[in-house]
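**Student:** Please see the structure below; I have some questions.
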Amino acid sequence: KEKDPDVGIWFSYHDGGGWSSPKEAANGVQYDGHRHPCWNPVLFQPPGDAPTMLFFKVGPNPSDWWGEVVVSNDFGRSFGDRRRLPEEIHGPVRGKPYLLADGSLLCPSSTEHNSDWRFHMERLIDLEHPELGRSWQRFEPETQPYQVIQPTLLHQKDGSLHAMFRSKNERIIESYSKDNGRTWTELSESKLPNNNSGIEALTLADGRHLLLYNHIGGNRKDAKDGWGTRNVLNLAISDDGKTWKAAAIVEKEEKGEFSYPAMIQTSDGLIHMTYTWMRKKVKHVVVDPAKLEVGKEVEAGNW
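Note that the numbering used here has the sequence shown beginning at 16, numbered continuously upward.
So this is what it looks like as structure tokens:
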């Protein structure tokens, strides 16, 4: 269960015929024998034959966790060479990183110090030495009018970056950068709802954008900070990242719980989605974007 000390980072490899038996990639056991839970794994495969990087967090809670990384030299069949990231560097906090044209890695990140949520970006310059402070740069806007975490990135046709955030405000919050993540426009509300839950954005090879999220606002009467149910998982599509249209209802159950989505496009053009299913399993869904039936424009209260 989340937050329990026995929570580690596990992985399974798909060989084309099926998934391998799960193995533990890392756990939170410290040198003194004390064990902390692990959190929020994020995989990244650099171009070519470079080692696969698996970022994750370790610590008693999100306010006090720190970032670590393990690597795989066999494309995800095994992991090792565990390293702790420098102070104040967490790596990609939940959403996947973005490889910049200069070969550096932009990691969307955030902090949750008690009730204060803030986002920042981290740039990994030397992918071979993520444990060194000189390998990183950290960019954090001073003024943040919304409580946001867990940014997910789109890249626009004009070269700008578009960040979308989980928030406490019942809306997906967004911001833009024209300098590869160094500076960002002031946070603003999108038209899309958010239930204080993680979202996942993806720019396709053809330039269109996908968003995998719960199209729900803060509908839990017993909760504050914009919390809502997670019983619907939606896929929306956009040409510009501003106007979104219905593409699919991936899951919908009255008492369901579908959360923490992740999404990539593989070289064959297919979209691979994973998400937590009923807080019991990880579900893997494959979608052909060419076969999506694009519907009407969507916004809060309308699907």
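Note that the Cβ used here is the ideal one computed from N, Cα and C, for glycine as well.
Note that this is a predicted model, so its numbers are computed, not measured.
Within the continuous beta strand (DSSP E) that includes TYR275, where are the two ends?
**Tutor:** Residues 273-280.
**Student:** How big is the Cα-Cα spacing for LEU147 and GLY82?
**Tutor:** Each residue's alpha carbon lies about 12 Å from the other.
**Student:** Candidates ASN88, VAL85, GLU143, GLU189: which alpha carbon is nearest HIS135's?
**Tutor:** If we check each option's Cα against that of HIS135, GLU189 comes out closest.
**Student:** Quick check: what's the CA-CA separation for ASN42 versus GLU312?
**Tutor:** Answer to the nearest angstrom: the Cα atoms are 43 Å apart.
**Student:** Would GLY63 be called buried (16 or more neighbouring beta carbons within 10 Å of its own) or exposed?
**Tutor:** Exposed, because fewer than 16 other Cβ atoms sit within 10 Å of the Cβ of GLY63.
**Student:** Based on the DSSP secondary-structure assignment, which residues constitute the bridge partners of GLN152?
**Tutor:** The partner list for GLN152 (beta bridge, DSSP) reads ARG138.
**Student:** Applying the 10 Å Cβ sphere with the 16-neighbour rule, what's the burial state of GLN45?
**Tutor:** Exposed, by the Cβ-count rule.
**Student:** Going by DSSP in three states, LYS306 sits in which element: helix, strand or coil?
**Tutor:** LYS306: helix per DSSP, three-state reduction.
**Student:** Taking ASP141 as the reference, give the member of LEU225, SER212, PRO66 with the closest Cα.
**Tutor:** Closest option to ASP141, Cα to Cα, is PRO66.
**Student:** Just checking, does the region 262-269 make contact with the region 246-254 on the three C-beta pairs under 8 Å criterion?
**Tutor:** Touching, yes.
**Student:** Could you round the C-beta distance between ARG181 and ILE214 to whole angstroms and report it? I think they count as a contact, below 8 Å.
**Tutor:** The Cβ separation is near 6 Å, so the contact holds.
**Student:** Tell me the residue span of the beta strand (DSSP E) that contains MET179.
**Tutor:** 176-182 is the extent of the beta strand (DSSP E) around MET179.
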